[in-house]
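**Student:**
In the working numbering, the protein residues as written are 246 to 441.
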C-alpha cells in the first residue's frame with residue numbers, strides 16, 4: 246500500500262476535492278515552446294473547469310502554475326518537503342500566491358521537512374494520486390518528470406504527452422512515452438480533456 250498516512254495542506258484543502266484534476270509536469274530546463282504549451286494547456290483547462298496540479302518546480306511546472314493563477318484557477322501544488330519549506334526558493338512568491346488564491350499546497354511530509362532528492366519521487370506519487378490524469382509537456386530522456394508519468398500509470402490513470410521538435414533533446418522523453426505506448430498524444434486541450 247503506497248497511500249500516504251496523511252497529507253499536510255497549506256491554503257484551502259477544498260481544492261483537493263475538485264472533481265477533475267490534471268497534473269502537468271515537465272522539464273525544469275524548459276524551452277520557450279514548452280513554457281508556451283504548458284501555459285496554454287493550463288489556461289484552457291482552467292477555463293474548462295479543470296484544476297491543475299504541479300510540483301511547482303522551475304520550467305514547465307512554474308509555467309503551468311502561473312497560467313492557472315492568471316486564468317483565475319486554484320492550483321494544487323505538491324512539494325517535496327514540508328508545506329512551510331517552499332522549493333525551489335525562487336518560487337517562494339509563486340507558491341505563496343497559490344495559497345492566497347484559494348489553492349492548496351500539499352505534502353505528505355511534516356512541516357519543517359527539508360526537500361531532498363528521494364522526496365521528489367514521493368512528490369510524483371502524491372501528484373499522480375491527486376489527479377485523474379497527467380500530461381507531460383517536455384521531458385528529456387532521463388527527466389525526473391517521467392516519474393510522474395510512471396506513478397500516474399501505476400495508479401491506473403491515463404497519461405498524456407506533448408510532442409516537440411524531433412531534434413529537441415527536451416522532448417526525447419515525451420517522444421519515447423508516446424512511441425512506447427506509455428502516453429497518449431496530446432496536441433491540444435481537447436486531447437487533454439479526453440484523458441479524464
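Idealized CB from N, CA, C, for every residue including glycine.
Give the secondary structure of residue 376 by DSSP, where H, G and I count as helix, E and B as strand, and everything else as coil.
**Tutor:** Looking at residue 376 - three-state DSSP - the assignment turns out to be coil, as it is neither helix nor strand.
**Student:** Within its chain, find whatever has a CB closer than 6 angstroms to the CB of residue 347; leave out the 5 residues flanking it on each side and keep chain order.
**Tutor:** The residues are 257, 319.
**Student:** Looking at residue 432: is its Cβ nearer than 9 angstroms to the Cβ of residue 408?
**Tutor:** A contact, by the Cβ cut-off of 9 angstroms.
**Student:** Under a three-way DSSP split, which group does residue 269 fall into?
**Tutor:** The answer is strand: DSSP assigns residue 269 an E or B state.
**Student:** Is it true that the CB of residue 268 sits closer than 9 angstroms to the CB of residue 373?
**Tutor:** Yes. Within cutoff.
**Student:** Residue 280 to residue 309, Cα distance in whole Å?
**Tutor:** Residue 280 and residue 309: Cα-Cα distance of roughly 8 angstroms.
**Student:** Thinking C-beta only, is residue 270 closer than 9 angstroms to residue 379?
**Tutor:** Cβ atoms of residue 379 and residue 270: closer than 9 angstroms.
**Student:** Compute the beta-carbon to beta-carbon distance between residue 305 and residue 275, rounded to the nearest angstrom, for a pair I have assumed lies under 8 angstroms.
**Tutor:** 5 angstroms between Cβ atoms; contact.
**Student:** Could you pull out every residue in the same chain whose Cβ sits closer than 6 angstroms to the Cβ of residue 255, ignoring the five residues on either side in sequence?
**Tutor:** Closer than 6 angstroms at the Cβ level, and outside the excluded window around residue 255, lie 328, 344, 350.
**Student:** In angstroms with no decimal places, state the Cα-to-Cα distance between residue 322 and residue 419.
**Tutor:** Cα to Cα, the separation comes out at about 22 angstroms.
**Student:** According to DSSP, is residue 352 part of a helix, a strand, or is it coil?
**Tutor:** Note: residue 352 maps to strand in three-state DSSP.
**Student:** Taking its Cβ as the centre, do 16 or more other Cβ atoms sit within 10 Å of residue 356, making it buried, or is it exposed?
**Tutor:** It is exposed - the Cβ of residue 356 has fewer than 16 other Cβ atoms within 10 Å.
**Student:** Measuring CB to CB, does residue 377 end up less than 9 angstroms from residue 324?
**Tutor:** Cβ distance not < 9 angstroms, so residue 377 and residue 324 don't count as in contact.
**Student:** Provide the residue span of the alpha helix (DSSP H) that contains residue 407, from first to last.
**Tutor:** Here residue 407 belongs to no alpha helix (DSSP H), and DSSP marks it neither H nor E.
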